[in-house]
Structure formats: C-alpha cells, structure tokens
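S.K.: Using our numbering, you'd call the opening residue of the sequence shown number 31 and step up by one each time.
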Amino acid sequence: MKSKNSYRFTSDVEPSEKQLHIIMKEVAIEAQKRAEEANIKFQQNLIQLSVKTRNQFSVR
Numbered sequence: 031m032k033s034k035n036s037y038r039f040t041s042d043v044e045p046s047e048k049q050l051h052i053i054m055k056e057v058a059i060e061a062q063k064r065a066e067e068a069n070i071k072f073q074q075n076l077i078q079l080s081v082k083t084r085n086q087f088s089v090r
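1) When DSSP labels each residue in this structure, what does Glu60 get in the three-state scheme?
2) May I ask you to report which of helix, strand or coil DSSP gives Thr40?
3) Could you pull out every residue in the same chain whose Cβ sits closer than 8 Å to the Cβ of Gln86, ignoring the five residues on either side in sequence?
4) Please report how far the alpha carbon of Thr40 lies from the alpha carbon of Glu56, in whole angstroms.
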C-alpha cells in the first residue's frame with residue numbers, strides 16, 4: 031500500500047530542524063492512524079471468529 035505522502039527529500043540540501051519536526055509529526059500521525067485502523071480490523075476479525083466458533087458449537 032503506497033502512501034500519498036513521501037518523506038524523501040529530492041535535493042542534496044539538509045532539511046531544517048523545523049522541516050524535520052514537521053515530517054516527524056506527520057509520520058507519527060500517520061502511524062497512529064494506521065495503528066487505529068489495524069486495531070479496528072483486528073477487533074472485527076476477532077468478533078467474526080467468535081461468532082463462527084459459537085455457531086460451530088451451538089446445539090441445533
């Protein structure tokens with residue numbers, strides 16, 4: 031999955047402290063967002079597994 035953001039500098043000029051701070055903040059926000067999305071997906075999968083397991087052992 032490619033992100034629309036690219037944190038690669040295309041010039042040979044070193045980034046300023048402010049630029050680095052901004053990039054690090056953006057990366058942290060993106061990481062938090064991905065972690066939240068992964069947690070939601072994990073919880074959904076856990077619920078589906080629980081339902082399947084319950085259905086397998088239910089008395090009919």
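The C-beta atom is built at its ideal place from N, Cα and C for all residues, glycine as well.
M.R.: Inspection of the coordinates gives the following:
1) Reading the sequence shown from its first residue, position 30 is the one you call residue 60. DSSP places Glu60 in helix when its eight states are reduced to three.
2) Taking the first residue of the sequence shown as 1, we reach residue 40 at position 10. Of the three classes helix, strand and coil, the one that applies to Thr40 here is coil, per DSSP.
3) For the purposes of this step, residue 86 is taken as residue 56 along the sequence shown, with counting starting at 1. Cβ neighbours of Gln86 beyond the five flanking positions: none.
4) Position 10 of the sequence shown holds residue 40. Position 26 of the sequence shown holds residue 56. Going from the Cα of Thr40 to the Cα of Glu56 covers about 18 Å.
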